[in-house]
Amino acid sequence: MTHCDGLVPSYHTILILGNIKSCYIRRCLMRIPITMCHGIRTVTSPTMPNPLTVGHFDVLMKIASEMGFHSITYDQLADWRDGKVELPDRPIMIDFDHPVASMRGQIFDTLERYRFKGNLFIYTSPYDPEYSRPLAVSFYDHMSWEEIRELRESGWHIGAHTVSHPNLSDLSVRDPSGEILREELDRSNSMIEENLGFRPVDFAFTGTSWSKMAEEEVKNRYRFGRLWFVGSEYQVDGHPLRVADLMGSVEEDDEDGGPPVGVRYITEDSDPYRLPSMELQALIYHPDAFRRYLEGALI
Numbered sequence: 002m003t004h005c006d007g008l009v010p011s012y013h014t015i016l017i018l019g020n021i022k023s024c025y026i027r028r029c030l031m032r033i034p035i036t037m038c039h040g041i042r043t044v045t046s047p048t049m050p051n052p053l054t055v056g057h058f059d060v061l062m063k064i065a066s067e068m069g070f071h072s073i074t075y076d077q078l079a080d081w082r083d084g085k086v087e088l089p090d091r092p093i094m095i096d097f098d099h100p101v102a103s104m105r106g107q108i109f110d111t112l113e114r115y116r117f118k119g120n121l122f123i124y125t126s127p128y129d130p131e132y133s134r135p136l137a138v139s140f141y142d143h144m145s146w147e148e149i150r151e152l153r154e155s156g157w158h159i160g161a162h163t164v165s166h167p168n169l170s171d172l173s174v175r176d177p178s179g180e181i182l183r184e185e186l187d188r189s190n191s192m193i194e195e196n197l198g199f200r201p202v203d204f205a206f207t208g209t210s211w212s213k214m215a216e217e218e219v220k221n222r223y224r225f226g227r228l229w230f231v232g233s234e235y236q237v238d239g240h241p242l243r244v245a246d247l248m249g250s251v252e253e254d255d256e257d258g259g260p261p262v263g264v265r266y267i268t269e270d271s272d273p274y275r276l277p278s279m280e281l282q283a284l285i286y287h288p289d290a291f292r293r294y295l296e297g298a299l300i
């Protein structure tokens, strides 16, 4: 006979156990959608074939708001993964790359309208004229450090995105020693710390490029590493690779031309250094596609 034999649990005990079970089930089934864009951008490209105007961005954010989603930051994600907090109902991560001027203007204003906060990953080349390697992406007007600071003070999360935005797959072949990569990461971190007063703890890989070396160096410096999905293929260690294979999925690619649906969300089991994100100018651009993506996260 055990010490529990013959005991009848109270209603209060049953209620507590029921709540614990409910929280456990909710945690196991949790799918967190995560969107990404580069600010207001009317110029298109093969990876971003649709223009993102202020009006279109507002339409998408309004859908998320009306569906009852609540934005979360990487700090909240980390605390949830560590079992310290429960996330709000219907969490969503709204990510941005590049410190372009529209972040502090139209993007910020739109998110504020729906009480959302963003996660912004910044390269530091525009603020580092002495750095010898040129910025590898199109040059736009950029925010000042004061404007970036204002975003952070308003509740935005700021992460790192290298100095010059190199293709990490190509870089692993061109510089197998990793010297350039390490300089990109450390110099970017130092620049952010010098101007914003903190050292970033989260990182966004550049473009659709990745390497084993980059992941190892990121693990040595950051808490999370985030990828960017615009289709079904990635550049890995100098070669093309299916996103599904990079994410360890055996599922088939989706009929929309993107990776399997299952790898498009953050879950309890997600690799913290291979977090997904879905580009707003690509697979989830159209309102119906965006809504379907969010619906796929509902428990």
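Position one of the sequence shown corresponds to residue 2 (the working numbering), numbered consecutively onward. Note that beta-carbon positions come from the ideal geometry of N, C-alpha and C, so glycine has one too.
Using the C-alpha atoms, what's the distance from residue j back to residue i?
i: R265; j: M31; result: 13 Å
i: S210; j: S126; result: 19 Å
i: T111; j: N51; result: 19 Å
i: P273; j: S145; result: 30 Å
i: R82; j: D270; result: 9 Å
i: S178; j: D171; result: 13 Å
i: T268; j: A102; result: 32 Å
i: T54; j: S66; result: 18 Å
i: P187; j: F291; result: Residue identity differs from the one stated: residue 187 is Asp in this sequence, not Pro. Approximately 36 Å between the Cα atoms of the pair.
i: G69; j: M94; result: 13 Å
i: I285; j: L242; result: 22 Å
i: L61; j: G160; result: 24 Å
i: W157; j: K118; result: 5 Å
i: S173; j: S165; result: 15 Å
i: E252; j: P260; result: 9 Å
i: Q77; j: V44; result: 33 Å
i: Y128; j: I26; result: 46 Å
i: H301; j: M104; result: Because the chain spans 2 through 300 in this model, residue 301 falls outside it and cannot be assessed.
i: G258; j: I41; result: 24 Å
i: F230; j: R275; result: 11 Å
i: M2; j: D80; result: Its pLDDT being 41, under 50, M2 is placed unreliably by the model, and nothing is read from it.
Could you have a look at residue i and say whether DSSP puts it in helix, strand or coil?
i: G226; result: strand
i: N120; result: strand
i: P144; result: It should be noted that the sequence gives Met, not Pro, for residue 144. In the structure shown, M144 sits in coil (DSSP, three-state: anything other than H, G, I, E or B).
i: S170; result: helix
i: R28; result: helix
i: S1; result: This structure leaves residue 1 out entirely; the chain is present only between 2 and 300.
i: E303; result: Since the first and last residues shown for the chain are 2 and 300, residue 303 lies out of range.
i: A290; result: helix
i: Y128; result: helix
i: V237; result: strand
i: R150; result: helix
i: R200; result: coil
Let me know if residue i comes out buried or exposed under the rule of 16 or more other beta-carbons within 10 Å of its beta-carbon.
i: N221; result: exposed
i: L299; result: exposed
i: K85; result: exposed
i: C29; result: exposed
i: V339; result: Past the edges of the chain, shown from 2 to 300, lies residue 339, and the structure says nothing about it.
i: I193; result: buried
i: F97; result: buried
i: H1; result: Residue 1 is absent from the structure shown; the chain starts at 2 and stops at 300.
i: H99; result: buried
i: G297; result: exposed
i: P135; result: exposed
i: E234; result: buried
i: F109; result: buried
i: P201; result: buried
i: V237; result: buried
i: T207; result: buried
i: I149; result: buried
i: D90; result: exposed
i: T74; result: buried
i: G249; result: exposed
i: R227; result: buried
i: I301; result: The chain is shown from 2 up to 300; residue 301 falls before or after that span and cannot be answered.
i: C5; result: Low per-residue confidence applies at C5: pLDDT is 44, beneath 50, and the placement is therefore not dependable, though the value from the model is reported in the following sentence. It counts as exposed.
Between which two residues does the alpha helix (DSSP H) holding residue i run?
i: P241; result: Careful: P241 lies outside any alpha helix (DSSP H), inside the beta strand (DSSP E) at 240 to 243.
i: M192; result: 180 to 197
i: M214; result: 213 to 220
Ends of the beta strand (DSSP E) at residue i?
i: Y115; result: Careful: Y115 lies outside any beta strand (DSSP E) and carries neither H nor E.
i: F204; result: 203 to 205
i: P34; result: 33 to 38
i: A161; result: 158 to 161
i: Y274; result: Y274 -> no beta strand (DSSP E), and no H or E assigned at all.
Checklist entry - In chain order, which continuous runs of the beta strand (DSSP E) of length 3 or greater are located wholly inside the region 53 to 108? => result If we require 3 residues or more, the beta strand (DSSP E) runs fully inside the region 53 to 108 come out as 92 to 98.
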